[in-house]
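A short write-up of the structure that comes next.
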Amino acid sequence: MAVGQLSSLGIGSKVLNYDVIDKLKKADENTMVKPIERKMEANLEKQKALVEIQTLLGNLRTPVRALSDYSTYTARHSNVTGDALKVSVSPGIPIQNIKVDVESLAQGDINEVGTHFSSRDDSFAQFDTTLHFYTNHQDYAVKIKAGMTLSDVAQAITDATDGKVMGIVMKTGGNKPYQLMINSKGTGADNRIFFGSSVISHLSNDATINLEAKSETKPEDDFFIKVHDEQNVIEIPIALKLQGSIESKNAALRAAIQKALEDNPATKSLADNGQLNVGVINEGKSLVINDKRGLSVEVGGAKARELGFIQDKSQAEGDLLKALTAPQSGKIKGIISLNGQNIDMGAITAEHNSSQDNANALIKAVNGIAGLSASVGADGKLVLNSASGQLRLTGANAEGKKALKDLGLSEGFSRSYANAQELFSVKNLQSASDAKFTYNGASITRPTNEVNDVINGVSLSLLGTTEPGKGAVVSITRDDKAIIDNVKEFVKAYNELMPKLDETTRYDPDTRIAGIFNGVSDIRTIRSSLISAVTFTITNSKGVASLMKYGIMLDDHGKMSLDESRLASAINADPQGTQDFFYGSDVKSMGGKETHQDGIFERVDKVLANLVDGGHARLKLYEDSLDQDAKSLKKDKENAMELLKTRYDIMAERFAAYDEQISKANRSFNAVQMMIDQAAAKKN
15 MAVGQLSSLG IGSKVLNYDV IDKLKKADEN TMVKPIERKM EANLEKQKAL
65 VEIQTLLGNL RTPVRALSDY STYTARHSNV TGDALKVSVS PGIPIQNIKV
115 DVESLAQGDI NEVGTHFSSR DDSFAQFDTT LHFYTNHQDY AVKIKAGMTL
165 SDVAQAITDA TDGKVMGIVM KTGGNKPYQL MINSKGTGAD NRIFFGSSVI
215 SHLSNDATIN LEAKSETKPE DDFFIKVHDE QNVIEIPIAL KLQGSIESKN
265 AALRAAIQKA LEDNPATKSL ADNGQLNVGV INEGKSLVIN DKRGLSVEVG
315 GAKARELGFI QDKSQAEGDL LKALTAPQSG KIKGIISLNG QNIDMGAITA
365 EHNSSQDNAN ALIKAVNGIA GLSASVGADG KLVLNSASGQ LRLTGANAEG
415 KKALKDLGLS EGFSRSYANA QELFSVKNLQ SASDAKFTYN GASITRPTNE
465 VNDVINGVSL SLLGTTEPGK GAVVSITRDD KAIIDNVKEF VKAYNELMPK
515 LDETTRYDPD TRIAGIFNGV SDIRTIRSSL ISAVTFTITN SKGVASLMKY
565 GIMLDDHGKM SLDESRLASA INADPQGTQD FFYGSDVKSM GGKETHQDGI
615 FERVDKVLAN LVDGGHARLK LYEDSLDQDA KSLKKDKENA MELLKTRYDI
665 MAERFAAYDE QISKANRSFN AVQMMIDQAA AKKN
């Protein structure tokens with residue numbers, strides 16, 4: 015039978031009730047449960063107060079750790095005149111002034127394709143072609159199929175280069191507002207995009223190279239270039255003396271070739287409008303001679319290889335058309351047409367022919383047509399080319415179309431890059447180039463505008479150019495703000511912690527009121543340990559150093575105050591002394607052994623670490639003991655409640671039995687009384 019708030023048995027005797035049981039139970043709860051509950055409440059108060067103290071200690075620890083960190087005392091501040099650059103500096107770099115003159119910023123390559131389109135979904139071309147370009151030390155050939163949309167071609171360029179070159183569809187306005195832009199993702203000379211064909215050097219010779227033109231006694235030029243004008247091949251000799259570094263040689267050779275192109279009447283306009291280009295890449299170690307139209311470029315002469323030209327001619331553009339599969343064996347019927355020239359396959363193949371026989375038959379027929387050529391690759395597939403750069407392939411009828419399929423070919427119109435210049439007509443709007451600047455007078459080039467490798471610890475962000483002779487001045491000074499700010503935070507946190515410690519550990523002998531942690535040594539000793547650490551002094555050749563020297567004082571009540579101006583003056587007057595006192599210093603013993611002498615904030619940090627760091631910290635162990643006490647008290651309360659429940663359940667059952675007996679006795683008495691009453695009535 016459960017025991018709650020008992021009042022009466024409710025059986026009907028109206029004799030017994032539970033007032034006595036209620037009073038007994040209440041008395042037992044007061045002696046057995048209430049003391050445990052009071053202990054639980056006190057434990058909870060201690061846990062809450064401990065969390066508050068731990069939080070306040072954490073607040074104090076933050077500035078203390080900063081002030082016991084060496085990097086705080088080596089912090090640097092930078093200031094820049096003008097808006098041509100931004101600077102960030104690392105701790106510990108020497109205090110100095112740096113002059114930076116920015117001649118040019120690093121920039122990417124921006125190019126537009128001349129053809130305009132009405133929509134992003136317009137067909138880019140009605141023929142197959144290939145876009146050729148060189149960038150970032152690599153040749154690219156982007157296949158463009160007839161019917162591909164403008165957006166498709168833009169994506170194909172991006173995909174082919176893994177995003178190093180981006181095809182972008184721009185809306186520029188007009189009746190046909192869309193154009194294809196072909197831009198480099200990165201900046202720097204290596205990101206310049208050379209469209210068409212190029213020949214590239216890799217100079218590694220530091221020796222002087224004297225380039226002389228042929229003469230009566232010299233039958234050959236030391237170096238010449240061959241390029242195309244509108245109709246003919248133009249050979250241009252280059253004569254000059256190259257000396258100095260590899261970079262300076264290539265720069266001089268580039269300037270000489272550019273001037274020679276501009277001075278030659280046949281190539282002047284081509285050089286002026288960017289059809290013929292000369293550039294320096296690979297940090298000045300390589301020279302690029304380029305024909306944007308895709309026509310061949312050659313170099314030669316007795317010293318071409320000495321100049322680093324391993325290949326003397328630009329790579330051929332590639333085959334105009336390659337079959338998808340090898341020809342079928344057996345007789346192939348049908349008439350096919352190449353640039354309007356018909357070939358009857360039935361007349362040149364036979365039933366017993368192998369695939370190779372049929373390939374050879376077509377090759378012989380094609381090579382007999384002026385301006386056309388055919389061959390077969392190692393994989394057995396046919397390769398077709400045209401001297402004009404155009405090849406239209408058709409089947410005369412259904413049988414001819416099948417013949418093309420049997421040959422691994424299909425109908426279509428193909429044009430080389432050089433032949434499709436009216437489609438591409440690429441115009442360079444901005445050439446990729448390196449940043450050029452001087453750093454304290456030293457000339458420097460970098461491929462990006464983010465420069466962090468000139469001097470370790472100084473990072474420059476180039477934002478614009480400076481006027482000649484009026485460079486930006488970077489002033490690097492000590493940054494004492496971090497020290498001052500952390501000292502201010504330390505004083506604030508200290509003054510928040512100490513009153514809490516006083517409140518929880520106090521004892522008033524008059525009122526005999528004690529704080530919740532009075533008698534808990536782990537808490538009581540925090541105050542004295544911190545005061546001992548902050549009143550630490552160091553005696554050296556300069557005198558006695560203490561916190562008072564830096565404007566930090568304790569009053570009679572233990573409250574800390576800060577004179578910020580005095581602190582700033584002391585730091586400015588002796589930054590090394592401040593570091594030695596706050597952080598510490600390395601000193602040598604008589605035996606020459608070097609040891610570290612802790613500064614005041616290192617000492618405070620060790621006091622705090624002993625309290626809060628790790629599983630064996632004093633406050634962590636005390637916290638664990640409170641947790642364990644809370645669990646034990648909870649268990650004790652549960653046991654006491656269970657004991658009382660059992661005791662009063664038994665007592666209630668006994669009272670119920672007594673009540674039933676009394677009730678029965680009452681009923682028996684009532685029956686007897688009734689019989690007596692009836693007998694008396696009969697006598698009357």
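If you read the sequence shown in the numbering used here, its first letter stands for residue 15, the second for the next number, and so on. Quick reminder that beta carbons are idealized off the backbone N, C-alpha and C, glycines included.
Between the Cα of residue i and those of the options, spot the shortest distance and give me the residue it belongs to.
| i | options | result |
| --- | --- | --- |
| A456 | Q675, S475, I112 | I112 |
| A253 | K336, A227, A269 | A227 |
| G122 | M195, E652, S259, I35 | M195 |
| T201 | E234, I124, G332, H91 | I124 |
| I171 | L145, N150, F141 | L145 |
| M180 | A174, A139, L275, N197 | N197 |
| S82 | D638, L640, S137, F595 | F595 |
| N532 | S310, K48, K60 | K60 |
| V294 | E261, D305, S283 | E261 |
| T539 | T143, Q355, L622 | L622 |
| K620 | A364, V548, L640, M688 | V548 |
Which residue marks the beginning of the alpha helix (DSSP H) containing residue i, and which one marks its end?
| i | result |
| --- | --- |
| P589 | 589 to 596 |
| V390 | Counting along the chain, V390 falls outside any alpha helix (DSSP H), though it belongs to the beta strand (DSSP E) covering 386 to 390. |
| R617 | 614 to 626 |
| V34 | 33 to 46 |
| Q169 | 164 to 174 |
| S560 | Per DSSP, S560 belongs to no alpha helix (DSSP H) and is neither H nor E. |
| Y84 | 84 to 87 |
What is the rounded straight-line gap between the Cα of residue i and the Cα of residue j?
| i | j | result |
| --- | --- | --- |
| P191 | M162 | 18 Å |
| V601 | E616 | 16 Å |
| Q675 | A693 | 27 Å |
| N653 | R520 | 35 Å |
| E312 | V213 | 7 Å |
| V488 | G471 | 13 Å |
| K563 | V94 | 34 Å |
| A446 | R206 | 5 Å |
| Q19 | K651 | Residue confidence for Q19 is low, a pLDDT of 44 falling below 50, so the modelled location carries little weight; the figure read from the coordinates is stated next. When rounded, the distance between both Cα atoms is 19 Å. |
| A274 | I346 | 56 Å |
| T88 | R492 | 7 Å |
| M54 | K62 | 12 Å |
| F138 | N433 | 16 Å |
| I552 | G606 | 21 Å |
| S328 | T86 | 59 Å |
| I250 | F238 | 5 Å |
| L99 | L443 | 25 Å |
Below 7 Å CB to CB, which residues in the same chain sit around residue i once its five sequence neighbours on both sides are set aside?
| i | result |
| --- | --- |
| K185 | P191, Y192 |
Helix, strand or coil for residue i, going by three-state DSSP, please let me know.
| i | result |
| --- | --- |
| L657 | helix |
| D499 | helix |
| Q692 | helix |
| I537 | helix |
| N463 | coil |
| S400 | strand |
| N762 | Residue 762 lies beyond the range of the chain shown here (15 to 698); nothing can be said about it. |
| Q687 | helix |
| D277 | helix |
| K347 | coil |
In the DSSP assignment, find the unbroken beta strand (DSSP E) run with residue i in it and report its ends.
| i | result |
| --- | --- |
| V113 | For clarity, residue 113 is Lys in the given sequence; the question names Val instead. Segment 110 to 118, the beta strand (DSSP E) holding K113. |
| F451 | 449 to 453 |
| M359 | Looking at the DSSP string, M359 is not in any beta strand (DSSP E); the run it does join, the alpha helix (DSSP H), is 359 to 362. |
| S457 | 456 to 460 |
| Q404 | 404 to 409 |
| A486 | 486 to 492 |
| S300 | 300 to 305 |
| N296 | No beta strand (DSSP E) contains N296, which DSSP labels as neither H nor E. |
| F238 | 238 to 242 |
Could you pull out every residue in the same chain whose Cβ sits closer than 8 Å to the Cβ of residue i, ignoring the five residues on either side in sequence?
| i | result |
| --- | --- |
| V626 | Q68, L71, G72, R75, L633, K634 |
| T222 | K255, L256, Q257 |
| R134 | T163, L164, S165, V183, Y192 |
| A528 | R520, Y521, D522 |
For the ligand FMN, is there any heavy atom lying closer than 6 Å to the beta carbon of residue i?
| i | result |
| --- | --- |
| E578 | You won't find the ligand FMN in this model; it holds no ligand whatsoever. |
For residue i, which residues of its own chain have a beta-carbon under 6 Å away from its beta-carbon, when the five flanking residues on both sides are left out?
| i | result |
| --- | --- |
| D136 | L164 |
| R406 | N353, F427 |
| H242 | L309 |
| H91 | T491, D493 |
Can you find a CB in chain B that lies within less than 7 Å of the CB of residue i?
| i | result |
| --- | --- |
| L334 | Considering every chain present, this structure includes no chain B. It has just one protein chain. |
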